[in-house]
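See below for the structure under consideration.
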Amino acid sequence: MSLESHLEELQRKHGDLQRQLDEALAHPSTDEIELTRLKRRKLAIKDEMERMRVSQTRH
41 MSLESHLEEL
51 QRKHGDLQRQ
61 LDEALAHPST
71 DEIELTRLKR
81 RKLAIKDEME
91 RMRVSQTRH
(Lines of atoms letter the chains of each structure in order from A and count residues from 1; the text may use other names and numbers.)
(Lines give C-alpha, C1' and ligand atoms only; values in the text may rest on other atoms or scores of the structure.)
Protein backbone atom coordinates (compact mmCIF):
# COMPACT_ATOMS: atom_id res chain seq x y z
CA MET A 1 0.00 0.00 0.00
CA SER A 2 1.41 3.37 -0.97
CA LEU A 3 1.84 6.16 1.55
CA GLU A 4 -0.90 8.18 -0.12
CA SER A 5 -3.44 5.35 -0.12
CA HIS A 6 -2.59 4.51 3.48
CA LEU A 7 -3.17 8.13 4.46
CA GLU A 8 -6.51 8.13 2.59
CA GLU A 9 -7.55 4.98 4.44
CA LEU A 10 -6.66 6.57 7.78
CA GLN A 11 -8.68 9.66 6.86
CA ARG A 12 -11.65 7.45 6.05
CA LYS A 13 -11.34 5.65 9.37
CA HIS A 14 -11.01 8.97 11.20
CA GLY A 15 -14.23 10.19 9.56
CA ASP A 16 -16.01 6.93 10.40
CA LEU A 17 -14.99 7.28 14.04
CA GLN A 18 -16.20 10.90 14.10
CA ARG A 19 -19.60 9.79 12.81
CA GLN A 20 -19.76 7.01 15.42
CA LEU A 21 -18.81 9.49 18.11
CA ASP A 22 -21.44 12.00 16.96
CA GLU A 23 -24.07 9.27 16.95
CA ALA A 24 -23.05 8.07 20.40
CA LEU A 25 -23.18 11.60 21.79
CA ALA A 26 -26.70 12.01 20.41
CA HIS A 27 -27.90 9.21 22.69
CA PRO A 28 -27.90 10.08 26.40
CA SER A 29 -27.64 6.42 27.35
CA THR A 30 -24.23 5.96 25.72
CA ASP A 31 -21.62 4.44 27.98
CA GLU A 32 -18.80 6.81 28.97
CA ILE A 33 -16.26 4.02 28.49
CA GLU A 34 -17.41 3.58 24.89
CA LEU A 35 -17.12 7.33 24.28
CA THR A 36 -13.61 7.34 25.70
CA ARG A 37 -12.64 4.34 23.55
CA LEU A 38 -13.91 6.05 20.39
CA LYS A 39 -12.11 9.29 21.25
CA ARG A 40 -8.83 7.48 21.90
CA ARG A 41 -9.03 5.52 18.64
CA LYS A 42 -9.79 8.72 16.74
CA LEU A 43 -6.86 10.52 18.37
CA ALA A 44 -4.50 7.61 17.65
CA ILE A 45 -5.45 7.72 13.96
CA LYS A 46 -5.02 11.50 13.89
CA ASP A 47 -1.56 11.13 15.45
CA GLU A 48 -0.58 8.49 12.90
CA MET A 49 -1.76 10.68 10.02
CA GLU A 50 0.29 13.59 11.35
CA ARG A 51 3.41 11.41 11.69
CA MET A 52 2.95 10.26 8.10
CA ARG A 53 2.56 13.83 6.84
CA VAL A 54 5.67 14.96 8.71
CA SER A 55 7.75 12.06 7.42
CA GLN A 56 6.45 12.68 3.90
CA THR A 57 7.53 16.33 3.96
CA ARG A 58 11.02 15.37 5.17
CA HIS A 59 11.65 13.15 2.15
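The working numbering puts the first residue of the sequence shown at 41, with every later residue one more than the last. For glycine and all other residues, C-beta sits at the position ideal for the given N, C-alpha and C.
| Asked | Found |
| --- | --- |
| Start and end residues, alpha helix (DSSP H) containing Ser95 | 72-98 |
| Selected residue, minimal CA-CA separation from Arg81, among Ser95, His46, Leu50 | Leu50 |
| Integer Cβ distance of Lys79 from Leu61, believed to fall under 8 Å | 7 Å |
| Proximal residues to Met92 (C-beta, below 6 Å), its chain only, five neighbours per side dropped | Leu47 |
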